[in-house]
DNA sequence: TTCCATCTACTGGTTTTCATGGATTTTTCT
DNA sequence: AGAAAAATCCATGAAAACCAGTAGATGGAA
């Protein structure tokens with residue numbers, strides 16, 4: 001059932017995490033770490049040349065969003081399994097990850113054993129979630145405070161500009177569109193986040209690392 | 001000069017980071033990891049019984065703020081060196097850490113080599129900063145005008161309320177003072193942070209963990 | 001005790017946001 | 001091709017934020 005070694009790539013901008021993972025996996029005979037990267041781009045480039053069984057992917061990367069990267073990887077290399085490695089325990093983010101094609105989701109506070117379990121589960125083609133994540137997903141989503149809504153590209157573009165202190169007019173000018181449009185986006189953002197005003201919007205967005 | 005092994009404790013709520021660090025340091029003959037903790041409290045308890053040379057401390061912990069913990073450790077155990085391990089690259093946070101008695105500051109994107117360097121530097125009683133951190137500290141603070149202003153008690157009280165989405169009137173009502181006063185505080189806050197409006201104010205405040 | 005920082009409060013005016021409630025055109029996915 | 005989602009644009013009025021300046025009260029530090 002396992003004719004070859006599992007090939008694994010790691011994408012995380014924290015060398016300590018990367019080196020830790022490497023050391024953790026070094027003595028597992030059936031796992032072969034073929035690459036580790038600090039940026040999404042470098043990983044994508046690598047995957048164009050080499051086929052990899054599993055990519056361990058951090059959500060917060062310097063150059064791009066890990067979830068977007070996940071989607072991209074699955075589009076170009078459907079045979080590759082992506083396991084998200086993240087700090088975010090929000091149910092909505094986990095949902096997003098799975099919708100973007102991730103085969104698994106691990107919190108960084110998972111143990112080494114859980115990591116191994118998840119790798120084995122994922123390679124069998126099943127969805128691999130760490131214990132805590134399973135718990136989060138099991139909870140009914142009736143009330144989901146601080147859920148992380150799905151933002152459109154434009155919204156993701158505008159949100160940081162608001163956080164920078166630009167006014168509606170400023171942003172309209174900057175993006176060459178009507179300030180009225182910006183207002184609509186701003187309204188939609190607040191609605192999506194369930195924020196009463198910009199202050200709360202920006203707090204939530206900043207906490208989710210979106211600014 | 002180094003008659004004994006350096007004793008080291010690790011406080012971080014991410015097992016993978018902890019295990020990675022352990023493995024990284026396992027083959028260093030002069031380093032002895034005597035404990036690892038996921039919460040500030042458990043670490044404090046441990047330090048009451050055992051003397052430790054260096055504590056590697058994450059800033060974001062489940063039960064308390066790492067900077068406060070640092071201060072507490074230095075008060076109770078001045079001989080212990082604390083090295084902060086963090087994701088935050090804001091100059092002001094680094095300053096705060098040093099003011100709270102930290103002997104060093106490492107970004108999590110530091111390499112394993114840098115980690116070793118910093119441990120050795122700290123044990124010699126010197127301030128240990130990773131390369132990137134040195135760069136941040138070297139930049140004159142003209143660009144980033146007074147990174148982190150000192151807030152009065154009242155301001156610290158009001159700031160999170162603004163971030164929660166309360167209006168000026170709401171806050172005035174809540175604190176039993178005139179909304180006009182809140183406006184003054186709000187103005188002063190924005191001025192201190194050099195923010196153009198609440199959005200920017202809240203972004204900066206949230207990044208500094210003040211909300 | 002004098003001085004300073006802070007908290008408090010106000011006037012009066014301008015700018016921006018927020019809530020409604022549409023509407024049209026592009027893009028994207030199926 | 002057709003449906004759905006996203007992006008664009010608009011108007012109006014009320015609410016809130018923002019700006020600039022002033023100033024009394026208080027409590028702690030020099």
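Residue numbers (UniProt numbering), protein chains in the order written: chain F, 1 to 211; chain L, 1 to 211.
Idealized CB from N, CA, C, for every residue including glycine.
Here the structure is a predicted model, which is why all the values come from computation and not from measurement.
Note down the Cα distance separating residue i from residue j, rounded to an integer number of angstroms.
| i | j | result |
| --- | --- | --- |
| residue 141 of chain L | residue 20 of chain F | Its pLDDT being 42, under 50, residue 141 of chain L is placed unreliably in this model, and the coordinates cannot settle the point. |
| residue 35 of chain F | residue 26 of chain F | 13 Å |
| residue 59 of chain F | residue 9 of chain F | 15 Å |
| residue 33 of chain F | residue 112 of chain F | 16 Å |
| residue 47 of chain F | residue 37 of chain F | 11 Å |
| residue 143 of chain F | residue 97 of chain F | Reliability fails at residue 143 of chain F, whose pLDDT of 33 lies under 50, so the model's placement of it is uncertain and the value that follows must be treated cautiously. In a straight line, the C-alpha of residue 143 of chain F is about 20 Å away from that of residue 97 of chain F. |
| residue 85 of chain L | residue 117 of chain F | 28 Å |
| residue 66 of chain L | residue 105 of chain L | 12 Å |
| residue 152 of chain F | residue 75 of chain F | 19 Å |
| residue 119 of chain F | residue 125 of chain F | 10 Å |
| residue 201 of chain L | residue 209 of chain L | 12 Å |
| residue 80 of chain F | residue 51 of chain F | 8 Å |
| residue 180 of chain F | residue 170 of chain F | 12 Å |
| residue 166 of chain F | residue 166 of chain L | 21 Å |
| residue 55 of chain F | residue 6 of chain F | 11 Å |
| residue 14 of chain L | residue 195 of chain L | 34 Å |
| residue 156 of chain L | residue 189 of chain L | 9 Å |
| residue 168 of chain L | residue 31 of chain F | 58 Å |
| residue 212 of chain L | residue 107 of chain L | Chain L is shown from 1 up to 211; residue 212 of chain L falls before or after that span and cannot be answered. |
| residue 23 of chain L | residue 127 of chain F | 29 Å |
| residue 61 of chain F | residue 68 of chain F | 11 Å |
| residue 198 of chain F | residue 122 of chain L | 43 Å |
| residue 145 of chain L | residue 203 of chain F | Interpretation of residue 145 of chain L is limited by its pLDDT of 39, a score under 50 that renders its predicted location unreliable; the figure taken from the coordinates is listed afterwards. If you take the alpha carbons of residue 145 of chain L and residue 203 of chain F, they lie about 22 Å apart. |
| residue 135 of chain L | residue 45 of chain F | 30 Å |
| residue 94 of chain F | residue 129 of chain F | 10 Å |
| residue 182 of chain L | residue 175 of chain L | 9 Å |
| residue 177 of chain F | residue 131 of chain L | 42 Å |
Chain L partners of residue i, CB-CB under 7 Å?
| i | result |
| --- | --- |
| residue 15 of chain F | 109, 110, 111 and 112 |
| residue 197 of chain F | 165 |
| residue 203 of chain F | 163, 202, 206 and 211 |
Would you mind telling me which residues of chain F sit closer than 8 Å to residue i, beta carbon to beta carbon, in chain order?
| i | result |
| --- | --- |
| residue 135 of chain L | Within 8 Å Cβ-Cβ: nothing; residue 135 of chain L doesn't reach chain F, min ~15 Å. |
Please name the residue in the options whose C-alpha comes closest to that of residue i.
| i | options | result |
| --- | --- | --- |
| residue 89 of chain F | F:109, F:182, F:156 and F:35 | F:109 |
| residue 53 of chain F | F:78, F:100 and F:173 | F:78 |
| residue 114 of chain L | L:177, L:125, L:133 and L:98 | L:133 |
| residue 72 of chain F | F:49, F:102 and F:95 | F:102 |
| residue 42 of chain L | L:127, L:12 and L:157 | L:12 |
| residue 57 of chain F | F:200, F:82 and F:196 | F:82 |
| residue 100 of chain L | L:123, L:70 and L:127 | L:70 |
| residue 217 of chain L | L:17, L:131, L:135 and L:187 | Nothing can be reported for residue 217 of chain L, as the shown portion of chain L is limited to 1 through 211. |
| residue 63 of chain L | L:40, L:45, L:49 and L:80 | L:40 |
| residue 207 of chain L | L:176, L:87, L:167 and L:166 | L:87 |
| residue 205 of chain L | F:130, F:94, F:49 and F:164 | F:164 |
On the premise that residue j lies in contact with residue i, defined as a C-beta separation below 8 Å, what is that separation, rounded to the nearest angstrom?
| i | j | result |
| --- | --- | --- |
| residue 154 of chain L | residue 185 of chain L | 6 Å |
| residue 17 of chain F | residue 162 of chain L | Rounded, the Cβ-Cβ distance is 35 Å, inconsistent with contact. |
| residue 149 of chain F | residue 192 of chain F | 4 Å |
Along chain L, which residues have their Cβ under 8 Å away from the Cβ of residue i?
| i | result |
| --- | --- |
| residue 162 of chain F | 199 |
For a contact meaning CB atoms closer than 9 Å, what does residue i contact in chain F?
| i | result |
| --- | --- |
| residue 73 of chain L | Those within 9 Å of residue 73 of chain L in chain F number zero; the least Cβ separation is about 21 Å. |
message: Closer than 8 Å between beta carbons: that is the criterion. Which residues of the segment 110 to 129 of chain L meet it against chain F?
response: Of all residues in the segment 110 to 129 of chain L, 110, 111, 112 and 115 have a Cβ within less than 8 Å of some Cβ in chain F.
Proximal residues, the segment 14 to 45 of chain F versus chain L, C-beta separation under 9 Å: Here the close residues are 14, 15, 16, 17, 18, 19, 20, 21, 22, 23, 24, 26 and 38.
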